[in-house]
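Visitor: To start, I am sharing the structure in question, which I have written as structure tokens.
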Amino acid sequence: MSFNTTQLQNLANEALIIGKTCLEGKNADYIPFLASVPPGLCAISISCCDGTIIHSGDYDYDFALESISKVCSMSLAMQQKGSEQVRKKIGAEPTGLPFNSVLALTVHQDKPLTPLVNAGAISTVSFIDAPDKESRWQMILDFQRKMMSQNVRLSEDVNTSEQETNFHNRAIAWLLYAANNCFSDPMDACDVYTRQCSTLVSCDDLATLGGTLANGGVNPVTKEKVIDHEHIAPILAEMTMEGMYDYSGDWAFLVGLPGKSGVGGGVVAVAPGKMAIAGFSPPLDEAGNSVRAMKMISHIVNSLDLSVYRPS
Ligand code: GLN
């Protein structure tokens with residue numbers, strides 16, 4: 290199915306107005322760098338499967354990828370080990386609890402349940418085969434670039450701010466290790482996980498990440514095959530179950546597309562075989578999802594009837 294670019298541009302412009310007029314939410318402040326990002330920034334980008342990108346607002350502002358990086362390392366782990374191994378070792382269930390919940394670990398014998406919460410992402414990083422920590426980090430960064438663009442890079446400022454404050458994640462890594470659910474040195478896994486969250490991307494890059502999934506694993510801009518087709522449905526299933534954390538059920542109900550958010554203010558939603566829509570604005574709701582990004586994406590998805598649950 291192809292969409293008219295004028296219609297998409299008009300929808301993106303409308304969505305931006307809806308986003309900018311919403312004054313709810315608050316920047317993440319448990320990572321000091323994120324508290325300093327201007328809260329008024331707002332962008333929307335649509336990645337079509339033919340490589341076209343439609344956008345409006347601050348679409349070229351580079352922000353921290355944060356938890357959306359979990360989609361890239363999960364995809365890399367599935368490429369290496371197969372999606373079934375990722376399901377068996379890490380899981381494919383929603384936790385129903387905040388993204389950094391220790392309680393979720395405690396009630397499940399320290400098994401993380403999904404690669405899309407902090408515990409599961411640290412476990413996933415440790416599960417990726419690599420000779421050492423630096424090669425593991427380089428593989429993850431390269432994979433982020435393949436799913437998005439060469440613009441993706443580590444921010445020393447974000448990384449330092451996170452590494453100096455990530456005590457909770459370090460505790461999670463040790464709990465995983467004690468239960469044999471961390472497959473490398475736990476502090477190495479936590480370090481690489483923290484770096485993968487600290488890369489900078491634009492809203493166009495984020496739309497391209499979703500576009501690579503919407504397009505069956507082929508980056509729609511570079512045309513490079515990044516992920517095998519067989520892993521796309523499992524990746525989107527994981528995103529449906531946990532991509533928006535403890536708001537994932539509401540998101541499925543209201544929007545009906547697999548999505549993923551990060552506390553840097555980015556959200557991406559994937560309409561398989563059609564397009565991906567990314568929004569960015571720093572203020573977050575209680576679950577850690579960008580309020581404006583969700584409103585902007587909802588507007589476009591509902592206008593185009595893109596819910597995967599809607600009988601055509
Ligand atoms: N780096 C952040 C953390 O580990 C990512 C969390 C998020 O985006 N939800 O807490």
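The opening residue of the sequence shown carries number 290 in this note's numbering; numbering runs sequentially from there. Backbone N, C-alpha and C define an ideal beta-carbon position, used for all residues, glycine too. As the structure is a computational prediction, the values presented were derived from the model and not from experiment.
(1) Residue ranges of each alpha helix (DSSP H) run of no fewer than 4 residues wholly in the stretch 495–535, ordered along the chain?
(2) Taking the beta carbon of GLU527 as the centre, do at least 16 other beta carbons fall within 10 Å, making it buried, or is it exposed?
(3) Extract the residue ranges of the alpha helix (DSSP H) inside the stretch 329–383, only unbroken runs of 4 or more that lie entirely within it.
(4) Per DSSP, what kind of secondary structure is VAL447 in: helix, strand or coil?
(5) Which of helix, strand or coil does DSSP assign to MET437?
(6) Just to check my reading of the structure: ASN316 and PRO572 have Cβ atoms closer than 8 Å, yes? What is that Cβ distance to the nearest angstrom?
(7) Can you tell me the Cα-Cα spacing of ALA503 and THR295, whole angstroms?
(8) Expressed to the nearest angstrom, what Euclidean distance is found between the alpha-carbon atoms of LEU392 and GLN298?
(9) Is it the case that the stretch 522–542 contacts the stretch 459–474, given that we only count it when at least three CB pairs across the two stretches are under 8 Å?
(10) The ligand GLN: which residues have Cβ under 6 Å from any of its heavy atoms, chain order?
(11) Within the same chain, show all residues whose beta-carbon is closer than 6 Å to that of CYS486, passing over the 5 residues directly before and after it, in chain order.
(12) Do the CB positions of GLY568 and ALA332 come within less than 8 Å of each other?
(13) According to DSSP, simplified to helix, strand and coil, what is LEU386?
(14) What residue does the alpha helix (DSSP H) around VAL326 start on, and which one ends it?
(15) Does DSSP classify LYS549 as helix, strand or coil?
(16) Starting from LEU465, trace the beta strand (DSSP E) in both directions and tell me its first and last residue.
(17) Quick one, which of GLU303, ASN293, LEU312 and ALA304 has its alpha-carbon nearest ASP574's?
(18) Going by beta-carbon coordinates alone, are SER438 and VAL510 separated by less than 8 Å?
(19) Taking 8 Å as the threshold, find out whether the stretch 530–539 comes into contact with the stretch 362–377 through three or more Cβ pairs.
(20) Does the beta-carbon distance from ARG442 to THR488 come in below 8 Å?
(21) For a quick check, are the C-beta atoms of GLU531 and LEU405 less than 8 Å apart?
(22) Work out the CA separation of ALA408 and LEU394 for me, nearest whole Å.
(23) Using the three-state DSSP reduction, which class does ILE417 fall into: helix, strand or coil?
(24) If we ignore side chains and look at the alpha-carbon of each, how far apart do GLU423 and SER491 end up?
(25) Any Cβ of chain C within less than 8 Å of the Cβ of THR294?
(26) Between GLY505 and the rest of its own chain, which residues show a CB-CB distance below 7 Å, the 5 nearest in sequence each way excluded?
(27) What are the residues that DSSP puts in a beta bridge with ALA565?
(28) Can you look up VAL580 in the DSSP assignment and give me helix, strand or coil?
(29) Quick check: the Cα distance between ASP347 and ASP494, rounded to an integer number of angstroms?
(30) Between which two residues does the alpha helix (DSSP H) harbouring THR483 extend?
(31) Note the first and the last residue of the continuous alpha helix (DSSP H) segment covering SER537.
(32) Given this structure, state the Cα-to-Cα distance separating LYS512 from VAL396, to the nearest angstrom.
(33) Based on Cα-Cα distance, which residue from SER415, THR483 and LEU365 lies nearest to GLN433?
Guide: Concretely, from the data shown:
(1) 518–531
(2) Residue 527 sits at position 238 when you count from the first residue of the sequence shown. Classification for GLU527: buried.
(3) 358–370 and 372–378
(4) In the sequence shown, residue 447 corresponds to position 158, counting from 1. Three-state DSSP puts VAL447 in a helix.
(5) For the purposes of this step, residue 437 is taken as the residue at position 148 of the sequence shown. Here MET437 sits in coil by DSSP.
(6) Working through the sequence shown from its first residue, we reach residue 316 at position 27. Working through the sequence shown from its first residue, we reach residue 572 at position 283. Contact flag correct, Cβ pair sits at about 6 Å.
(7) What you label residue 503 is simply residue 214 of the sequence shown in a count that begins at 1. What you label residue 295 is simply residue 6 of the sequence shown in a count that begins at 1. Those two C-alpha atoms are separated by around 21 Å.
(8) Locating residue 392 in the sequence shown gives position 103, counting from the first residue. Locating residue 298 in the sequence shown gives position 9, counting from the first residue. Those two C-alpha atoms are separated by around 44 Å.
(9) no
(10) GLU355, SER356, PHE388, ASN389, ASN407, GLU451, ASN458, CYS486, GLY551, VAL552 and GLY577
(11) As a position in the sequence shown, residue 486 is number 197, starting the count at 1. Closer than 6 Å at the Cβ level, and outside the excluded window around CYS486, lie GLU355 and SER358.
(12) As a first step, residue 568 is located in the sequence shown; it is residue number 279 there, counting from the start. As a first step, residue 332 is located in the sequence shown; it is residue number 43 there, counting from the start. Contact: yes.
(13) Against the sequence shown, residue 386 aligns to sequence position 97. Note: LEU386 maps to coil in three-state DSSP.
(14) Taking the first residue of the sequence shown as 1, we reach residue 326 at position 37. Per DSSP, VAL326 belongs to no alpha helix (DSSP H) and is neither H nor E.
(15) Residue numbering aside, residue 549 sits at position 260 when the sequence shown is read from its first letter. LYS549: strand per DSSP, three-state reduction.
(16) Taking the first residue of the sequence shown as position 1, residue 465 is located at position 176. No beta strand (DSSP E) holds LEU465; the alpha helix (DSSP H) holding it covers 456–467.
(17) Walking along the sequence shown from the start, residue 574 turns up at place 285. The shortest Cα separation from ASP574 among GLU303, ASN293, LEU312 and ALA304 belongs to LEU312.
(18) Counting from one through the sequence shown, the residue named residue 438 turns up at place 149. Counting from one through the sequence shown, the residue named residue 510 turns up at place 221. Closer than 8 Å, so yes.
(19) no
(20) By 1-based counting over the sequence shown, the position of residue 442 is 153. By 1-based counting over the sequence shown, the position of residue 488 is 199. Closer than 8 Å, so yes.
(21) The sequence position of residue 531 within the sequence shown is 242, counting from 1. The sequence position of residue 405 within the sequence shown is 116, counting from 1. Yes; because the gap between Cβ atoms is below 8 Å, this pair is in contact.
(22) Position 105 of the sequence shown, counting from 1, holds the residue named residue 394. Position 119 of the sequence shown, counting from 1, holds the residue named residue 408. When rounded, the distance between both Cα atoms is 8 Å.
(23) Here residue 417 refers to the residue found at position 128 of the sequence shown. ILE417 falls in the coil class under three-state DSSP.
(24) Translated into the one-based positions of the sequence shown, residue 423 becomes position 134. Translated into the one-based positions of the sequence shown, residue 491 becomes position 202. Straight-line Cα distance between these residues: approximately 25 Å.
(25) Checking the listed chains, one finds no chain C in this structure; it contains a single protein chain.
(26) Position 216 of the sequence shown holds residue 505. Taken in chain order, the residues that qualify are HIS518 and ILE521.
(27) Working through the sequence shown from its first residue, we reach residue 565 at position 276. Note: ALA565 sits in a beta bridge opposite SER336 and VAL559.
(28) What you label residue 580 is simply residue 291 of the sequence shown in a count that begins at 1. In this structure, VAL580 counts as helix in the three-state DSSP scheme.
(29) By 1-based counting over the sequence shown, the position of residue 347 is 58. By 1-based counting over the sequence shown, the position of residue 494 is 205. Roughly 12 Å between the two C-alpha positions.
(30) As a working mapping, residue 483 is identified with position 194 in the sequence shown. Taken as a continuous stretch (DSSP letters only), the alpha helix (DSSP H) holding THR483 covers 475–486.
(31) As a first step, residue 537 is located in the sequence shown; it is residue number 248 there, counting from the start. Here the alpha helix (DSSP H) through SER537 covers 537–543.
(32) Position 223 of the sequence shown, counted from the first residue, corresponds to residue 512. Position 107 of the sequence shown, counted from the first residue, corresponds to residue 396. Each residue's alpha carbon lies about 43 Å from the other.
(33) Indexing the sequence shown from 1 puts residue 433 at position 144. The residue with the shortest Cα to Cα distance from GLN433 is LEU365.
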